[in-house]
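Visitor: First to last, the sequence lines map onto chains X and S. Using this note's numbering, the letters of the first sequence map in sequence onto residues 922 to 1398. Using this note's numbering, the letters of the second sequence map in sequence onto residues 5 to 246.
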Amino acid sequence: MLWFGLHLPFLALEAFEQPEIKDQGLPAVITEAQQVFCVNEPARAAGIRLGASLATARSLLPELIHRTRSREAESHRMERLVMTAYEFTPYVSVADFDALLLEMEGSLKLFGGVNQVRGRLRSRFGRIGHRVAIGIAHTPRASLAFAKSGDDATWPDFPERSEIEHIGLRQLDATSLDCLELEPKTRERFVNMGMRKVGDIVQVPRHELRKRFGEKVTDYVAQLTGERVDPWEAEQPPEAFSERLHLIDPVRGKDEVLEPMEHLAKVLSKWLGRLNLGARRLRWGVYAFEGDGATFEVGFEQPRHEVADIMAITHLRMETVDLPSEAMTVTLDALRTGHLGLKWIERDVLGQRLTQSTPSHKLLDRLTARLGEGALQRFCILDDHRPEFAWTPTDESDGNKVTATVPELGRRPLWLLEPPVRVRAGHLRIVSGPERIQCGWWDHEQHRDYFVARDRDETWCWCFRDAQGWFVHGYFA
Amino acid sequence: MTLTASLLNDTGLWRARDLNGRQTASSDRGQSTGFPQLNELLIDGGWPHAALVEVLCDRYGVGELRLLASALTRPVSDAHWTVLINPPCVPYAPAFQALGINVHELMVVHPSSHQEALWSFEEVIASGSTQTVLAWLSESDLQDKQLRRIQAKSKEHRVFSVVFRPLAAEQLPSAAELRLKIEQQTIDRRLVISIIKRRGGWRVDGLELALPWGPTVTDSQRARQLLADWERTRRGMKAVAV
C-alpha cells in the first residue's frame, strides 16, 4: 500500500473563494468563536497568529479581512475535492475536515510514478484554487503526519513494497511530534520526557507506552508504523447528481437565468465525465426568493454529457415553461443517466473526443423538449391477431426487430380508428368478408367478423360486427 | 458546356415547348410515382426530391397514402425517419410494415397547436434525418406565407414534404410546387386526380391512375349471402319477441 496524505491548510479560507484575497495578496483570516482559525500569508507576515483573538488581530492590522468559519462551505468543498481526487484513484477517504487520503499503489503506472503523481496532484488542486501539502508513506496515519510536517522525502518512481516501508519508517523517525494527531496534553508529556521526534516514541516498548499513555496512544503509534492495520473506508462517488446554486443578486427573465444554469450544466458535465456517464433525464428548478418556483424536466434520447448539447435542449424546453419573474436559486438534478459506452464516444485521429450524436437523436430531443413527452409516437409490431394489440407505441429508438408476421398488403387498412367508431349497418355497403378474429381469452377477448365495406362517401373502410353492433375500425387510405 | 446548355440543365428552368408531357433532358431525377401517366406529367419524371406537395382531399381513406406510396417507401439513407405530423388517424403499424416502411422508422408527432405543428414541421425538415414528411395542418390557421416557408425549407434541405388540405383550398393561392386533387376513387381501384399546379406545365384534369393494390376483396358473394342470413335471423328473432 502506498498512501498519499493530502493536507489543505488553507481550506477554511479557500472555501470562501474570494478572488480579491488571493489575487491581490490582501491579509485575511477566518475566525471561529472570535479567535483566529486560519491565516493567510500576508496576515501571518503582519504578525497575526493562530488562536489570537479577533480584536488583537484587528489592532495589528486594521484593514484585515475576516470571515466567520463556515463548516458547511468547507464540507461542501470537501465533496468536490473528493471528486477531484477520484481522477487519480478510486480509493479516496476523507481523513479530517482538511485532509484527504489517497491509496495510489494501483495507479502509479498510469500516472508515471510517485514523483509525477505528486506534481500532478499539486497542480490539479492548484488549478481549482487549493494549496495542498502531500505526504507519502506506507501507512495512512504516517502520510497525514508527513503532509502536516511539510517535509518531502525522496522517492523512487516505482518503489517496491519493502522499499515503501523502509522510506516511510525512516522519515517517520525524524518527524516532529507536532505533526501527530495527539492531544496537546499528551504531546506536552512526551516533550517533558525529552521525546521530540516520533523515532523517540517508537523505540519505547509498547507495554511501557500502554502503561503510561493508555490504549489510544499506543494504538495510534502502532498504526503510524504499520504494526497495526488501519482500515479506512473509501468514499463512494455520489450516485446521484443534485446541485443548487444560490445567487447573490436575483436574476430576471429567461435570458439572465441561463447563465447560472449553464454554470450548473458545467458542473454536471464534469461529474458525468468522471463517471463516464451521460444524462438521460434532468430536472431543473428555478426558485424565487420566497421559495416558490418552477421545475421542468428535459430528456435525452442518448446519454449526453456536453454542456452545449444539454443547454440547447434545455433552452428549447424553457420556451414552454413559466418561470418565476425573479430567480434566487437554481437547481439541477440528474434523474436518469446512462453509460457513455463506446457506442457514444469515439476519438478521432488526433485524440479528440467525438460524440456520436446522430441528427435523428437530436431531432427527437428537440421535439420532445418543445412539444412535451406524449407528443411523439413511435411504433412496434406485436404478434397478435387483434388489431388493437398488433402494435404498440414505444419510446425506444432501436427497439426490437420485427419478428411478428406482417399481414398481406391490402388485408389491413393503413389508417386505424382508435377506438372503433360505431356506425349504422345501413351506411355500409359490404364488399368483402367476413374474416373472423376471435382471440385473446386471456385478456381482452374479442369475437369479431371483419368486412371490407364502402361507406356513403365511397370511402373504403374496414369494419366489424360484434355483439354490440357495427363498427368502423379503419380506412384503406 | 455552353451557357445555354448549362441553363437548360438547370432544373429551375423549363422550356415552354416542353409543356404537357415531354420532359426536359435533365429532368429524370424524381422518384417514380409508380404511375407512368403521372410521371410523364411531372417535370422531374416523378415525385420531386425537394419540394412541398399539396394533396387536396376531403376524406381519408380515398387512396391518398397509396397515391404517395412510392415516396414513402423509397430507398433510404441516413435520413431514415418517415414523419407524420398530426395525422387524422392512427397509422396501423402492421399495414405500414406490409407496405415496406420499417415501423421503427415511422414517427408520429402530435402537436398541440398550429404553431407547434409548423415548428415541428420545420424542425423535422431541417433535421437532416428524414426524407419524407407528411402533415395535416389546421386549414383555418394556415397562411400562404407559412407554406412558402415550408416550400423553401424543403428545397433547401432536400425533403419531400406533403401537406394534406381540404378540396376547398383549391381556390387559394399556394406556394407548393405540386398540387394534386383527389377527385374520386372508383370501385375498380382507380383514382381520379387533377393536377392543379405543377412545375413546367398547366393544369391537368381527370387523370385516371390505376392503384397498384387495394383492399383485398375475397368473396363478395359470400359476404352478401351471410349478411342476408343475419338479417333474416334478426327479423325472425324480432318476430318471436313480438
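Built from N, CA and C at the ideal position, the CB exists for glycine as well. No experiment lies behind these values; they were computed from the predicted model shown.
#1: DSSP on Cys93(S), reduced to helix/strand/coil?
#2: Please identify the residue among Ile1049(X), Gly1147(X), Glu1102(X), Leu1042(X) whose C-alpha is closest to the C-alpha of Ile1088(X).
#3: Indicate the three-state DSSP secondary structure (helix, strand or coil) for Arg1377(X) in the structure shown.
#4: Can you grab the Cα-Cα spacing for the pair Trp1192(X) / His1236(X), in whole Å?
#5: Within 7 angstroms: the Cβ of Ile1057(X) and any heavy atom of the ligand PLP?
#6: With respect to the beta strand (DSSP E) encompassing Asp1170(X), which residues constitute its N-terminal and C-terminal limits?
#7: Where does Lys900(X) land, buried or exposed, given buried means 16+ other C-beta within 10 angstroms?
#8: Is DSSP giving Trp1192(X) helix, strand or coil here?
#9: Using 8 angstroms as the threshold, is the C-beta distance between Leu1196(X) and Glu1218(X) below it?
#10: Residues of chain X with a CB under 7 angstroms from the CB of Ser124(S): which are they?
#11: DSSP three-state label for Glu995(X), please.
#12: What does Leu231(S) reach in chain X if we use C-beta pairs closer than 8 angstroms?
#13: Between Arg70(S) and chain X, is the shortest Cβ-Cβ distance under 8 angstroms, so that the two count as touching?
#14: By the 10 Å Cβ neighbour count, where 16 or more other Cβ atoms means buried, how is Leu1021(X) classified, buried or exposed?
#15: Are Val221(S) and Val1352(X) touching if we call contact CB-CB under 8 angstroms?
#16: Let's test the definition: count the other Cβ atoms within 10 Å of the Cβ of Glu1084(X) and tell me whether it reaches 16, buried, or not, exposed.
#17: What's the gap between the Cα of Glu1227(X) and the Cα of Ser1070(X)?
#18: How would you list, in chain order, the residues of chain X whose beta-carbon sits under 7 angstroms from the beta-carbon of Gly65(S)?
#19: Please report whether the beta-carbon of Ala9(S) lies at a distance below 8 angstroms from any beta-carbon of chain X.
#20: How long is the line joining the alpha carbons of Gln1273(X) and Gly1194(X), rounded to whole angstroms?
#21: Residues of chain S with a CB under 8 angstroms from the CB of Trp1391(X): which are they?
#22: Determine the chain S residues that contact Trp1312(X) at a beta-carbon separation under 8 angstroms, and present them in chain order.
#23: Hey, is Ala227(S)'s beta-carbon within less than 8 angstroms of any beta-carbon in chain X?
#24: On a Cα-Cα basis, can you pick out the residue from Ala1143(X), Arg1131(X), Arg1375(X) that is closest to Pro1061(X)?
#25: For the region 1017-1041 of chain X, which segments carrying the alpha helix (DSSP H) assignment without a break, of at least 4 residues, lie completely within its bounds, in sequence order?
#26: With a cut-off of 8 angstroms on the beta carbons, I'd call Gly1050(X) and Asp1078(X) a contact; round off their distance for me.
#27: Suppose the cutoff is 6 angstroms on Cβ atoms and the five residues either side in sequence are ignored; what does the same chain contact list for Met1240(X) look like?
#28: Opposite Ser974(X) in the DSSP bridges: which residues?
#29: Using a C-beta to C-beta distance shorter than 8 angstroms, which residues of chain X count as neighbours of Leu103(S)?
#30: So, is the C-beta of Leu1185(X) closer than 8 angstroms to a C-beta in chain S?
#31: Taking the C-alpha atoms as reference points, what is the distance between Lys157(S) and Ala232(S)?
#32: Label Asp1286(X) either buried or exposed according to how many other C-beta atoms from any shown protein chain fall within 10 Å of its C-beta, with 16 as the threshold for buried.
#33: Using three-state DSSP, classify Ser31(S) as helix, strand or coil.
#34: Give the secondary structure of Phe1079(X) by DSSP, where H, G and I count as helix, E and B as strand, and everything else as coil.
#35: Which residues in the same chain have their Cβ closer than 6 angstroms to the Cβ of Asn43(S), if we skip the five residues on either side of it in sequence?
Guide: Considering the structure as presented:
#1: coil
#2: Gly1147(X)
#3: coil
#4: 21 angstroms
#5: You won't find the ligand PLP in this model; it holds no ligand whatsoever.
#6: 1162-1173
#7: Lying outside 922 to 1398, the shown extent of chain X, residue 900(X) is not represented and no answer is given.
#8: helix
#9: no
#10: Leu1288, Leu1292
#11: helix
#12: Ile1351
#13: yes
#14: buried
#15: yes
#16: exposed
#17: 42 angstroms
#18: Trp1336, Thr1380, Trp1381, Cys1382, Tyr1396, Phe1397, Ala1398
#19: no
#20: Bear in mind that the predicted position of Gln1273(X) carries a pLDDT of just 46, short of 50, making it unreliable; the figure below should be weighed with that in mind. Each residue's alpha carbon lies about 14 angstroms from the other.
#21: The contacting residues do not exist; Trp1391(X) stays about 11 angstroms from chain S at best.
#22: Tyr96, Ala97, Pro98, Val107
#23: yes
#24: Ala1143(X)
#25: 1029-1032
#26: Gly1050(X) to Asp1078(X), Cβ: 29 angstroms. No contact.
#27: According to the sequence displayed, residue 1240(X) carries Glu and not Met. Excluding residues within five positions, none has a Cβ falling inside 6 angstroms.
#28: Gln956(X)
#29: Leu1330, Leu1335
#30: no
#31: 55 angstroms
#32: buried
#33: Per-residue confidence for Ser31(S) stands at a pLDDT of 45, beneath the threshold of 50, marking its modelled position as unreliable; the derived number appears in the next sentence. Helix, per DSSP.
#34: coil
#35: Ser36, Thr37, Gly49, Gly50
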